[in-house]
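Just so we're aligned: 182 in our numbering is position 173 of the sequence shown, and the numbers increase by one with no gaps anywhere.
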Amino acid sequence: MTQTPNAMITLSETTLGEEEAAAAAAVVRSGWLTQGERVAAFERAFAEMVGTRHAIAVANCTVALELALEAVGVRAGDEVIVPALTFVATANAVRRLGAVPVFADVTSEDDLTLSPDDVAKKVTAKTRAVCPVHYAGWAADVDALARAAPNAAIVEDCAHAPGATLGARGCGALGDVGAFSFFSNKNMTTGEGGMLTTHDDALASSLRLMRAHGMTTSTLDRHRGHAYTYDVARVGTNARMDEIRAAIGAIQLAKLRANNALRAERVRWYRERLAAVEGLGLPFSSVSRGASVHHLFVVLLPAAADRAAVMSAMRADSVQTSIHYPPTHTFKAYEHFEANLPVTDAITPRLLTLPLHPTLERGQVDRVCDALLRALGR
Ligand SMILES: Cc1ncc(COP(=O)(O)O)c(C=O)c1O
């Protein structure tokens, strides 16, 4: 879409189009809206993309994280190691189970994923799981994290990373369970939505039960006369995805690889323009681990810059920016949690997220860079 010269350049845009609209309309016309064959087909296609034996569609990534942590055995009082540089969902999921989030630092100013060295320092006898975030679309060093916490399960927070890889393996296939988000600003969207991935047959059957109240048959089975009643095998919840979202998700998934390539191209444009700006940090410049899917493009402002002033100057130049993230340990609801996080604390006041989406034009990337440089007085 060609933009008018001074139109606001938004942080993210969906790539939804007529195909998704038609697919959603077809579900509405079919008369069957709740979890059925479209969900099953979306799950099969997603599992194939990630490279796991199983994918289980759910209502969102937050509930996916909760179910994943419970399925790998996290119980009240257990500890789960998480980064603070993430959306609050990662730590909230731990607390919803009555477990304790233990914050570990990110690796460096350049590698903003969970530090295996700091995780090793924070492991205790109570550590039940580690929950790395593939921040901005870059795979965390899951193998090193598993070595750092050998008795803990790994639940990958893959909200930023559909299609990202580490060597030949997909994010979501690196640990015990992966949890994806299809929220509207993500690399692929169903509005709200999420997916669990795992190689493990026993975990997959637990997760399938847990997302639907532990019921042993589905509404569709009963509708078709394949079953007349059900048992409840374990306590669960309603975390199901519906057919409308699955129909949209299948089309978004088919576009994912091309859209991720467009994101990578736009990141190259930004890097060309910004690499030589003195004092400006471009994280992940020297990370060679895996192929990123560039969910976010973040920069580290020069230490002396006033971030709020930069953001408001850029907004006056019609450029949206954001902060990913205010770190979790600084929120009121987390003030009583210990957090010795020197790298996270040093970088988070300088983080700034610039617009990134597959339809961003080269001229718009130039406008964002011009606005940033003006705001920095360069
Ligand atoms: C890193 C991370 N984890 C978890 C979530 C939660 O995803 P959802 O909104 O699908 O619950 C998000 C969403 O913004 C996220 O960015």
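We put the CB at the ideal spot given by N, CA and C, even for glycine.
Element boundaries [beta strand (DSSP E), containing residue i]
{"i": "GLU165", "result": "162-166"}
{"i": "HIS63", "result": "63-67"}
Identity of the residue in the options nearest residue i by Cα
{"i": "LEU271", "options": "HIS232, ALA348 and THR24", "result": "THR24"}
{"i": "THR116", "options": "ASP126, ARG84, HIS366 and SER331", "result": "ASP126"}
{"i": "ALA342", "options": "ALA98, ALA16 and ARG277", "result": "ALA98"}
{"i": "PHE192", "options": "HIS169, LEU78 and PHE340", "result": "HIS169"}
{"i": "PHE96", "options": "SER331, VAL241 and ARG178", "result": "SER331"}
{"i": "ALA425", "options": "LEU123, LEU76 and PRO335", "result": "Because residue 425 is not part of the residues shown, which for the chain are 10 to 387, the question remains open."}
{"i": "GLU165", "options": "VAL139, LYS195, PRO159 and ARG178", "result": "VAL139"}
{"i": "ALA161", "options": "LEU385, GLU88 and GLY26", "result": "GLU88"}
{"i": "VAL16", "options": "GLU370, GLY386 and LEU382", "result": "Inspection of the sequence shows that residue 16 is occupied by Ala rather than by Val. Nearest option by C-alpha distance: GLU370."}
{"i": "GLY234", "options": "THR226, ALA318 and VAL241", "result": "THR226"}
{"i": "HIS66", "options": "LEU20, THR19, THR199 and VAL36", "result": "Per the sequence shown, the amino acid found at residue 66 is Ala instead of His. Checking every option, the nearest Cα to that of ALA66 belongs to THR199."}
{"i": "HIS232", "options": "PHE293, GLY45 and VAL37", "result": "GLY45"}
{"i": "ASP379", "options": "TRP278, ALA248, ALA267 and HIS63", "result": "TRP278"}
{"i": "ALA145", "options": "LEU175, HIS333, ARG387 and THR339", "result": "HIS333"}
{"i": "ALA129", "options": "ASP119, LEU310 and ASP152", "result": "ASP152"}
{"i": "VAL244", "options": "VAL91, ARG282 and LEU216", "result": "LEU216"}
{"i": "LEU78", "options": "ALA68, LEU385 and VAL103", "result": "VAL103"}
{"i": "LEU361", "options": "ARG316, PHE340, VAL374 and ARG84", "result": "ARG316"}
{"i": "ALA80", "options": "ASP119, ALA318, GLY187 and ASP326", "result": "GLY187"}
{"i": "THR133", "options": "PRO141, PRO110, ALA149 and TRP147", "result": "PRO110"}
{"i": "THR392", "options": "ARG376, GLU57 and ASN349", "result": "There is simply no residue 392 to check, as the chain begins at 10 and stops at 387 in what is shown."}
{"i": "LEU212", "options": "VAL36, GLY82, GLY372 and ARG359", "result": "GLY82"}
{"i": "PHE51", "options": "MET320, GLY202 and SER327", "result": "GLY202"}
{"i": "GLY107", "options": "GLY86, PRO335 and ALA248", "result": "GLY86"}
{"i": "ASN194", "options": "LEU154, ALA248 and LEU305", "result": "LEU305"}
{"i": "THR71", "options": "HIS63, LEU154 and CYS167", "result": "CYS167"}
{"i": "ASP240", "options": "ALA221, PHE55, ILE253 and ALA255", "result": "ALA221"}
{"i": "ALA68", "options": "ARG47, GLY299, ARG254 and GLU281", "result": "ARG254"}
{"i": "LEU121", "options": "LEU382, THR368 and ILE356", "result": "ILE356"}
Per DSSP, the bridge partner or partners of residue i
{"i": "VAL388", "result": "The chain is shown from 10 up to 387; residue 388 falls before or after that span and cannot be answered."}
{"i": "LEU360", "result": "LEU309"}
{"i": "LEU365", "result": "Bridge partners of LEU365: none, in fact."}
{"i": "SER331", "result": "THR362"}
{"i": "ALA300", "result": "THR174"}
{"i": "GLY290", "result": "LEU309"}
{"i": "ASN247", "result": "ALA221"}
Run of the alpha helix (DSSP H) containing residue i, from where it starts to where it stops
{"i": "GLY258", "result": "252-283"}
{"i": "GLY203", "result": "Run containing GLY203: none in the alpha helix (DSSP H); it sits in the beta strand (DSSP E), 203-207."}
{"i": "GLY372", "result": "371-384"}
{"i": "ARG38", "result": "27-39"}
{"i": "ALA56", "result": "46-59"}
{"i": "LEU78", "result": "70-80"}
{"i": "SER321", "result": "316-325"}
{"i": "THR99", "result": "98-105"}
Rounded distance between the beta-carbons of residue j and residue i, thought under 8 angstroms
{"i": "GLY181", "j": "VAL59", "result": "4 angstroms"}
{"i": "GLY172", "j": "ASN269", "result": "5 angstroms"}
{"i": "PRO351", "j": "ASP119", "result": "Their Cβ separation, rounded to whole angstroms, is 15 angstroms, which puts PRO351 and ASP119 out of contact at 8 angstroms."}
{"i": "LEU42", "j": "ASP251", "result": "6 angstroms"}
{"i": "VAL276", "j": "LEU289", "result": "About 15 angstroms; that fails the 8 angstroms criterion."}
With a floor of 4 residues, list each alpha helix (DSSP H) that falls wholly inside the region 115-199, ordered by position along the chain. 125-131 and 151-157
For a minimum of 4 consecutive residues, which ranges assigned as the alpha helix (DSSP H) are wholly contained in the region 212-240? 228-232
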